[in-house]
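S.K.: In UniProt numbering, the protein residues as written are 1 to 1103. Sending over a structure as structure tokens; questions will come in a sec.
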């Protein structure tokens, strides 16, 4: 590109602009004042304080139910590489490997016998992002231990259980979270592996050869498992059970790679079509295949909760993806016997969880089935029984509410045992003056269910209830729900076949009652006494309480509740107890506050629970539903010495349950919930979307009130912003950078003077502008809520294809929304978070700009000491021919081998060094003032009579000064813009470098798009050659420059967080437009080059 000879007349030589405004007046209007400096510094300080507070809160440890309590584990692992799975079976044999895990001393080892064969049920472990195949060892070892060392217990739980053969994939710690192509490679490889694994059992004649493999995925391995079923090489029926640990099902954890998001969308669409049964898609080929492949598939998503600092807990939800009869998501804090949060890596080895997982896997196995697992319905029953808290187990009693349904047990009770208790509503053990059994029968207590009011039955005990027909110990008790057998149907009932009849009458019994009953002992759930309620020698939770709740809608179908007491008398000194009551349902269900989050934020909510209360109370908190806030519960209560146990509070929202235990006296509780979360689908008006508490207390032994005050814990709330908005650290500051650059070009188009980045920041920090921005950002949360017209409008400006909401709604049978705009906040009360974004963005830009200035000042200082003479001797040290060869070579490599991200990093480094050299050669920093300061001097000299050569030289010198300033300022602004884009490009580059280390060339098809880097290379090269971007003068050029910069800024603000990869494309588009301006400038002779004017450097003495 040959520079045209610079013209001595520019638009700055005129007293007015093309729009008729006076140039001098224009500068006077935008001239930064002292107030601007104060506002910029003040805004930056606010941003820094917020960042520091967020950082400090992030490192503050959790308390209560969010404290880690995982126990250590021990094992004797051995890994046998499956060498036979080679390139004849898969094209990825040179990159990935397959191993068989063996627990030494328990599993038979390959090579120990010439007759070695596999006889277990195959399970395939899939590691996550940068994960190791060895992570399978903890769960596999525990499964082997339970099967071989506790075979009697395993058999009692599942007579068709079988040993498990754990296979595990070695992906050489691939980065699946950064690269969609890598995820597809792993999925294709594993489908080939599943086929090979199943073929290994063909020679085994002792057992049924399995036709399916259970998949156990950690982190991104769970997504890989889901992708497997959507690929063409999937073997039909080879997968029917998927268990995932800390897997981001609902949203991609990173958005740097467009391929990754595309894989997510296509996989989600496949699964949603398979489950939605949408009429509009019934005839499509994909929907037909999806329904066939997923009809018997169960998917369980387990998350570790808030301790997982690698992945937001919210992303593990299955909302709008899998119906409840095919899967669910659950937090480890609510899994019985686990009751602890677990971090991202520990979830594969945590002792409490691995025991539950091993037990669950052994229970879903059916060695007699070709699939080696039970049918879907039974598998789901096992998963729910073992992994869910069990609060809604009572719903299974509904099948007995049909009057025509025969109940399994018959009781014949002597009424003399009941005369003192038939109308009572309370029952407790130990108790004074306990009535003993007659004729050796166990003591029986009966609650008569009132017909005229809605009642709820509550029960809690330290003794585990047992089925009445299985009582073998004198300390066991049973719970039964019964209907009276009327006299006119007594004879008919005598002919019925009950499972067992219990006759508690004698020869002298005169009055008796006949009852048909069901035993409800199987519907109890466990309540933790402590967070470490799991014994290493037991497969069941220990050190727990047992509880049951039966609401009025079920009780109304029965006439009485029978408690068969332990034969052994519980003394007052005994640690065991049994408590039960029958209260009106209204007294058992309370509401704390209303639905106003703003009221909760500003004033808090409180509730007083009466002293005479049910032993279990449900408290609904409608305003407590945002996962962006941490809540502070001040529980004021004085425990009585007679109470059998300290009060407990369970906290439940969606798929997460936590337990607050040992509430002895006044106690402060920090409550962090997994409620409505940014960037994830949610159900509109979901009754489970707000927090519900259950308060367990011994109200029989205490007459104390309980007061609960709820407020917001602001410091802990800041901690929650880190994971939810970590990807926003690029998009939001980049918005402010582009806002500054847009204003720079506005000034440039009007005056031909390109102000410095710092100077324009000062202009933005005019009190009127900042006030307007604060107001705008305050309303952004409201404007971008999912139901706002503004949000629906801006969605049309996003080229990225949206998820199929109608398929989600078909799955959930409810209205589902997904908001990916701005901060994705649905609560208008959280308007101030938008203002936080503004100040943090200003602060980060202020920090980055001043760090660059600091580096430049240090280099200038070193240059003045003569330490950088070789660098400063010439700005453009390389000849044009050499640079051209370098560009062609780089483009050729991108086209064939290198990802364009590599070329982008090269461009950033080139721009960095050329900018530094430019400032070293012209040492005036122009940090917060440039053209404005000297404008009056320049105009005065230009307007004076040029009666001698010195005056003419003065004008030329000032013109050179302004051009050099323009060139330096634009280069520095472009460098800042490119530096913000580096984090978007580096992750894919890391994947490429990782594959290079493995001597494997992963297809980077979309990343060899030369058009994604060509304009950037040419722009950087043009600047490196000294060509300044021509000033846009034509009306269309001015308009389009503003539009493209504004759209880039707009997209960064509203969609940058979830579509980071697209920001590179938008930058590429801006570079393309700048190149068009170059071509236009070259065509009309206005293209200027710094080399043509630096000849006056010594005369003008530019510093």
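The beta carbon of each residue, even a glycine, is placed where N, CA and C say it ideally should be.
Could you check what DSSP says for residue 1088 in three-state terms: helix, strand or coil?
M.R.: coil
S.K.: Considering residue 149, what are the terminal residues of the alpha helix (DSSP H) in which it resides?
M.R.: 137-149
S.K.: Check the C-beta distance from residue 1104 over to residue 99 and give it rounded, since I have them as a contact under 8 Å.
M.R.: Outside the displayed span of the chain (1 to 1103) sits residue 1104, for which this structure offers no information.
S.K.: Distance check for residue 1024 and residue 1092, CA to CA, integer angstroms please.
M.R.: Residue 1092 and residue 1024: Cα-Cα distance of roughly 14 Å.
S.K.: Taking DSSP's pairing of strands, which residues face residue 1012 in a bridge?
M.R.: Bridge partners of residue 1012: none, in fact.
S.K.: Work out the CA separation of residue 462 and residue 647 for me, nearest whole Å.
M.R.: 14 Å
S.K.: At which residues does the alpha helix (DSSP H) containing residue 587 begin and terminate?
M.R.: 585-588
S.K.: Counting pairs of Cβ atoms below 8 Å between the region 1029-1044 and the region 914-921, do you hit three or more?
M.R.: no
S.K.: To which residues of the same chain is residue 1083 closer than 7 Å at the C-beta, ignoring the five residues directly before and after it?
M.R.: none
S.K.: Inspect the beta-carbon positions of residue 564 and residue 468 and report whether they are closer than 8 Å.
M.R.: yes
S.K.: Less than 8 Å separating the beta-carbons of residue 592 and residue 605?
M.R.: yes
S.K.: According to DSSP, residue 447 sits in a beta bridge with which residue or residues?
M.R.: 561, per the DSSP bridge assignment.
S.K.: Check residue 103 in the structure and name its three-state DSSP category.
M.R.: strand
S.K.: Between the beta-carbon of residue 504 and the beta-carbon of residue 411, is there less than 8 Å?
M.R.: yes
S.K.: Closest to residue 395 by C-alpha separation, out of 381, 406, 408, would be which residue?
M.R.: 381
S.K.: Taking the alpha-carbon of residue 566 as reference, which of 546, 444, 500 has the nearest alpha-carbon?
M.R.: 444
S.K.: State the DSSP-derived secondary structure class of residue 165, mapped to helix, strand or coil.
M.R.: strand
S.K.: Using a threshold of 8 Å, state whether the C-beta atoms of residue 296 and residue 240 are closer than that.
M.R.: Yes. Within cutoff.
S.K.: Does the separation of the CB atoms of residue 682 and residue 319 fall below 8 Å?
M.R.: Yes, the pair counts as a contact, with Cβ atoms nearer than the cut-off.
S.K.: Considering only the alpha carbon of each residue, which of 448, 1045, 71, 126 lies closest to residue 245?
M.R.: 126
S.K.: Do the region 309-329 and the region 357-371 meet, that is, are 3 or more Cβ pairs less than 8 Å apart?
M.R.: no
S.K.: Please work out which residues of its chain come closer than 6 Å, Cβ to Cβ, to residue 480, disregarding the five sequence neighbours upstream and downstream, and give them in chain order.
M.R.: 517, 519, 562
S.K.: Are the beta-carbon atoms belonging to residue 357 and residue 139 less than 8 Å from one another?
M.R.: yes
S.K.: With DSSP run on the structure shown, which of helix, strand or coil describes residue 630?
M.R.: strand
S.K.: Which residue wins for smallest C-alpha separation from residue 300, given the options 252, 486, 276, 214?
M.R.: 214
S.K.: Can you find the residues in the same chain that come closer than 8 Å, C-beta to C-beta, to residue 1072, ignoring five residues on each side of it along the sequence?
M.R.: 1015
S.K.: With distances taken Cα to Cα, identify the nearest neighbour of residue 582 among 612, 652, 425, 499.
M.R.: 425
S.K.: Considering only the alpha carbon of each residue, which of 764, 454, 500, 719 lies closest to residue 409?
M.R.: 500
S.K.: Nearest to residue 171 by CA position, among 233, 750, 260, 186, is which residue?
M.R.: Cα-wise, what sits closest to residue 171 is 186.
S.K.: Which word fits residue 74, buried or exposed, when buried means at least 16 other C-beta atoms lie within 10 angstroms of its C-beta?
M.R.: exposed
S.K.: Consult DSSP for residue 394 and reduce its assignment to one of helix, strand or coil.
M.R.: Looking at residue 394 - three-state DSSP - the assignment turns out to be helix.
S.K.: Are the beta-carbon atoms of residue 900 and residue 906 separated by less than 8 Å?
M.R.: Taking 8 Å as the Cβ cut-off, residue 900 and residue 906 do not qualify as a contacting pair.
S.K.: Nearest-angstrom Cα distance between residue 1021 and residue 228?
M.R.: 44 Å
S.K.: Going straight from the alpha carbon of residue 674 to that of residue 415, what length do you get?
M.R.: 51 Å
S.K.: Between residue 131 and residue 188, is the Cβ-Cβ spacing less than 8 Å?
M.R.: no
S.K.: Can you grab the Cα-Cα spacing for the pair residue 845 / residue 735, in whole Å?
M.R.: 10 Å
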